[in-house]
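Residue 165 is where the sequence shown ends in the working numbering, and the numbering goes up by one at each step.
All C-beta atoms, glycine included, are put in the ideal place defined by N, C-alpha and C.
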Amino acid sequence: MQLRTLESVVEVFGDKSLRTYLKIYSYLTRHGLKTSDLIDHYDRIEEQTEVDVGKGKIELEEMRKAWEAVVPLCPSCGGYLNPPRHICKKKGPENVKGYTCLWHCEKGDCIYEKYTYENAGEEMKRLMEKGREEQCR
29 MQLRTLESVV
39 EVFGDKSLRT
49 YLKIYSYLTR
59 HGLKTSDLID
69 HYDRIEEQTE
79 VDVGKGKIEL
89 EEMRKAWEAV
99 VPLCPSCGGY
109 LNPPRHICKK
119 KGPENVKGYT
129 CLWHCEKGDC
139 IYEKYTYENA
149 GEEMKRLMEK
159 GREEQCR
C-alpha cells in the first residue's frame with residue numbers, strides 16, 4: 029500500500045519536485061524544525077508580498093495621476109499622450125530629420141505621433157517641474 033502511495037506522489041509531483049521536497053524535509057528534520065514552520069514562514073512571506081503589491085499599486089496610481097496632471101493631450105483624440113521615448117537612431121536614412129524624441133498616442137484607433145529634437149529625459153523633467161510650479165500656485 030505504501031509503495032502505491034509513493035508512486036502516486038511521484039506521478040503527481042514529478043521526480044524533481046519530490047527530490048526537492050525530500051531535501052527540504054531532511055534539512056528541516058536535521059535542524060529540529062517542522063514542516064509547519066516552513067509553511068508558517070511561507071504564509072508570512074505571502075502576506076508581506078500582498079501588502080507590498082498593494083503599496084505598489086497605490087504608488088503607481090499616484091504616479092499616473094501626477095503624469096496626467098502635466099502631460100499634453102493628444103490633438104487627435106484628446107487622450108493623454110504616452111511618456112516620450114528617446115530615439116537612438118542618429119540622423120540618417122532611418123531618421124532623416126535627426127529627431128531625438130517621440131511623443132505618441134495609442135488610445136483606441138489613434139496613432140498620433142509627434143517628433144521633437146529635445147532629449148526625452150529633459151522633456152520629462154521639464155514637465156514635472158511645470159507640474160510642481162502649478163501645484164505651488
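Helix, strand or coil at residue i according to DSSP, with G and I counted as helix
i	result
Glu-141	strand
Tyr-208	Given that the chain is displayed from residue 29 to residue 165, the structure contains no residue 208 and the question cannot be resolved.
His-132	strand
His-59	coil
Gly-120	strand
CA nearest to the CA of residue i, picked from the options
i	options	result
Gly-159	Lys-93, Asn-110 and Gly-106	Lys-93
Pro-167	Lys-119, Tyr-140 and Gly-126	No answer is possible for residue 167: it lies beyond the span of the chain, which begins at 29 and ends at 165.
Glu-150	Tyr-49, Cys-133, Lys-142 and Cys-129	Cys-129
Lys-119	Arg-47, Tyr-145, Leu-109 and Glu-134	Tyr-145
Asn-123	Glu-90, Tyr-143 and Cys-102	Tyr-143
Lys-135	Lys-125, Cys-105 and Gly-126	Cys-105
Cys-133	Arg-47, Leu-109, Leu-88 and Tyr-55	Leu-109
Tyr-98	Met-152, Glu-39 and His-59	Looking at the sequence shown, residue 98 is not Tyr but Val. For the residues Met-152, Glu-39 and His-59, the minimum Cα distance to Val-98 belongs to Met-152.
C-alpha gap between residue i and residue j, whole angstroms
i	j	result
Asp-80	Met-156	26 Å
Asp-43	Tyr-49	10 Å
Lys-83	Glu-35	44 Å
Glu-90	Tyr-55	44 Å
ask   = Between the region 66-77 and the region 103-121, do at least 3 Cβ pairs fall closer than 8 Å?
value = No, the region 66-77 does not touch the region 103-121.
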